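Enquirer:
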Amino acid sequence: MSSKVQTPGPQPQAASQASATSLSNEEILRYSRHLIMPEVGMDGQLKLKNAKVLLIGTGGLGAPLGLYLAAAGVGRLGLVDLDVVDFTNLQRQVTFGSSDVGKPKTAAAQARLSSLNPDIRIDTFETKLTSDNALDLFKDFDIIVDGTDNFPTRYLVNDACILLGKPNVYGSIFRFEGQATVFGMPTGPCYRCLYPEPPPPGLVPSCAEGGVLGVLPGIVGSIQAMETIKLILGAGDSLAGRLLLFDALAMKFRELKLRKNPNCPMCGEHRTITKLIDYYEFCGVRGEEAPASDVQVPEITPRELKSRLDRGDDLYILDVREPHEYQISHINGHLIPLGELPRRVHELDSSREIVAHCRSGKRSAEAVDFLRKAGFRKILNLKGGILAWSDEVDPTVAKY
Ligand code: ZN
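Spelled out as C-alpha cells, the structure:
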C-alpha cells in the first residue's frame, strides 16, 4: 500500500511542542466572539490554540468538522484520508469545490482550511488508517474524531483510542438518521460496550448504496465539532454515556443512556484485547469495496449481453432496483425490486433465459442466488450492473 505522510510548513520540534501562552492582536480580533464569552475567554481560546485534534476521514462528517474546528482556532488539525474527491461527493462534502474533483481529499481540505485560518497547523496523512499505523498516528493528538462510514474503521478507531486513553468523538449517518456520542472517556463506555460484535457483512448499506441527504452529515458533523470543542474547553456536559439519535424527517432528537459494560473485552475490568487486530477480518469484509455478499453466481459482462441482444437471442432482462432508481436511468428491464422478488417470482418465466441487473451488480447477485435456489437454471447476473453497462456499452445511460 502506498502512503504519503506530509507535515507541511516549518515546525521546529521545540516550538511545535511548547504551549502558546498568548494570542496575537490579529488572533484576538479573529476570535473576539469567543473571547467575550466567559465560558471561553482568553483561557479557553488558548486551550483551543494548544489543542491537537485528529480527524479520521475528510468526507461528509469531516467537512463541518474541519471547517468549524479550523475556524474556531484549534491549533493543530490532522487529516487522515486516502480518497480523492469524487463528483458525487460534492452533494454533501462542502469542504470541496467542483475544481477539487480528482484531487486527494487531504490536500484539497488542507487548502480550504488553510485559507479559512492560516494561523493553525494542518497535517495531512494521505493514507488508509490501519492496525499498523493507527497508534503511531493517534499518539501526537489529544482527541480523535471518527468521521468514517465503515465498521472496520470504527472498531479500529475505538480500540486504538482505548489503548492510548484518548477520547473518541463518534458520529454516524444513514439516509435521514444520525447518531453521535463520545466514547473512550475514563468513566464512560466505548464502542464495543455498545456493539460488542460487528453486524453481519452486507446488512448495513453504505451511503453509496443507501443514500444520504446532504445536510445530515452537516448536522451530525457539527454536533461532533461542538463536542470536540467542549472537551477541549472542559465546558458543559459531554455526550459521554449518552447516544444522541437524530431523525431528520421527524426533526426529533432522542437519547439513549449508555453504560460502561464491566465485561467489555476492550475497556472492561478484565480486558482481553490488548493490541489492534485485523478489523476487516473481524467484520467479515475484505475492505470497504468488498462486495456486500460473497454470493458466487454465473455472470455475463455488459459487452457479452449487448452482442447477444444484437444477435436476437431471447433474453429476459430483470431489473431488481427500486422504482426511483429506474426513473434515474434504465435499460428497459422488467422491474421487480429485490425485496419484492419472493412474492412476485411467479411473474418470471423459468423457461426463458434471464439476465438480472441492478446498479452495481451486488443486489442482482443476491437475486440470482435466490432464483437459483427457487429452481431457476438459466439465469445470469449482469457484471457491474447498470454502471458497467454505461461505461462499456451505452454512455447515454446515466450513472448515479
Ligand atoms: Zn467498552
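Residue numbers (the working numbering): 1012 to 1411.
Don't be surprised by glycine CBs; every beta carbon is placed ideally from N, CA and C.
Since we're looking at a predicted model, the values are computed, not measured.
1) Just how far apart, CA to CA, sit Tyr1181 and Leu1174?
2) Is it the case that the Cβ atoms of Leu1242 and Pro1178 are separated by a distance below 7 angstroms?
3) Round the Cβ separation of Gly1189 and Val1231 to the nearest angstrom and send it over; I've been treating them as touching at under 8 angstroms.
4) Following the continuous alpha helix (DSSP H) through His1045, name the residue where it begins and the one where it ends.
5) Quick test of your reading: Arg1186 and Gly1222, contact by CB under 8 angstroms. State the CB separation rounded to the nearest angstrom.
6) List the whole-angstrom C-beta distance separating Pro1353 from Glu1333, where the pair is believed to meet the contact cut-off of C-beta under 8 angstroms.
7) DSSP puts Gln1190 in a beta bridge; with which residues?
8) For Ser1375, decide whether its Cβ has a neighbour in chain D, counting only Cβ atoms nearer than 7 angstroms.
9) Hey, out of Arg1123, Ala1378 and Lys1373, whose CA is closest to Ile1365's CA?
10) Rank Glu1280, Ala1082 and Asn1274 by C-alpha distance to the C-alpha of Gln1056 and give the top, closest one.
11) Please identify the residue among Val1193, Glu1403 and Leu1260 whose C-alpha is closest to the C-alpha of Ile1311.
12) For Gly1396, count neighbouring C-beta atoms within 10 Å of its own C-beta (all shown protein chains included) and say buried if the count is 16 or more, exposed if not.
13) Tell me the DSSP bridge mates of Val1091?
14) List the DSSP bridge partners of Arg1332.
15) Short of 8 angstroms in beta carbon distance, which residues of its chain neighbour Asp1325, apart from the five on each side in sequence? Order them along the chain.
16) So what's His1357 in DSSP terms, helix, strand or just coil?
17) Could you round the C-beta distance between Val1085 and Leu1066 to whole angstroms and report it? I think they count as a contact, below 8 angstroms.
18) Please enumerate, following chain order, all residues with a beta carbon closer than 5 angstroms to at least one heavy atom belonging to the ligand ZN.
19) Measure the C-alpha to C-alpha separation of Cys1427 and Glu1208 and round it to an integer number of angstroms.
20) On the DSSP letters alone, give me the boundaries of the beta strand (DSSP E) that Arg1265 sits inside.
21) Apart from the five residues on each side of it in sequence, which residues of its chain come closer than 6 angstroms, Cβ to Cβ, to Phe1162?
22) So, is Val1226 buried or exposed, given that buried needs 16 or more other C-beta atoms within 10 angstroms?
23) Residues in the same chain with beta-carbon distance under 7 angstroms from Ile1284, minus the five sequence neighbours each way, listed in chain order, please.
24) By Cβ distance, which residues of its chain are closer than 8 angstroms to Ala1062, with the 5 residues on each side in sequence left out?
25) Classify Gly1073: buried if its beta carbon has 16 or more other beta carbons within 10 angstroms, exposed otherwise.
Expert: Reading from the atomic positions:
1) If I take the Cα positions, the gap works out to 17 angstroms.
2) Yes, these two residues count as a Cβ contact at 7 angstroms.
3) The Cβ separation is near 4 angstroms, so the contact holds.
4) Ser1043 to Leu1046 is the span of the alpha helix (DSSP H), which, as asked, contains His1045.
5) That belief holds up - the Cβ atoms of Arg1186 and Gly1222 are roughly 6 angstroms apart, short of 8 angstroms.
6) That belief does not hold up - the Cβ atoms of Pro1353 and Glu1333 are roughly 16 angstroms apart, past 8 angstroms.
7) DSSP lists Ser1183 and Leu1256 as partners of Gln1190.
8) The structure shown contains no chain D, having only a single protein chain.
9) Checked all of Arg1123, Ala1378 and Lys1373; the closest Cα to Ile1365 is Ala1378.
10) Closest option to Gln1056, Cα to Cα, is Ala1082.
11) Distances from the CA of Ile1311 to each of Val1193, Glu1403 and Leu1260 were compared; the closest alpha carbon is that of Glu1403.
12) Answer is buried; the Cβ neighbour count reaches 16.
13) Partner(s): Ile1067 and Phe1136.
14) As computed with DSSP, Arg1332 is found in no beta bridge at all.
15) Excluding sequence neighbours, Asp1325 sits near Arg1363 and Glu1364.
16) His1357 falls in the helix class under three-state DSSP.
17) Incorrect: roughly 10 angstroms between the Cβ atoms, too far for contact.
18) The filter returns Cys1201, Arg1203, Cys1204, Cys1275, Met1277 and Cys1278, in chain order.
19) In the structure as shown, the chain starts at 1012 and stops at 1411, and residue 1427 therefore has no counterpart that could be examined.
20) For Arg1265, the uninterrupted beta strand (DSSP E) run begins and ends at Lys1263 to Lys1268, by DSSP.
21) Excluding sequence positions up to five before and after Phe1162, its CB lies within less than 6 angstroms of the CB of Pro1209 and Cys1294, all in the same chain and listed in chain order.
22) Exposed, since its Cβ has fewer than 16 Cβ neighbours within 10 Å.
23) Cβ within range, chain order: Asp1170, Pro1276 and Met1277.
24) Val1085, Gly1086, Arg1087, Asp1153, Ile1154 and Ile1243, listed in sequence order.
25) Per the 10 Å Cβ criterion, buried.
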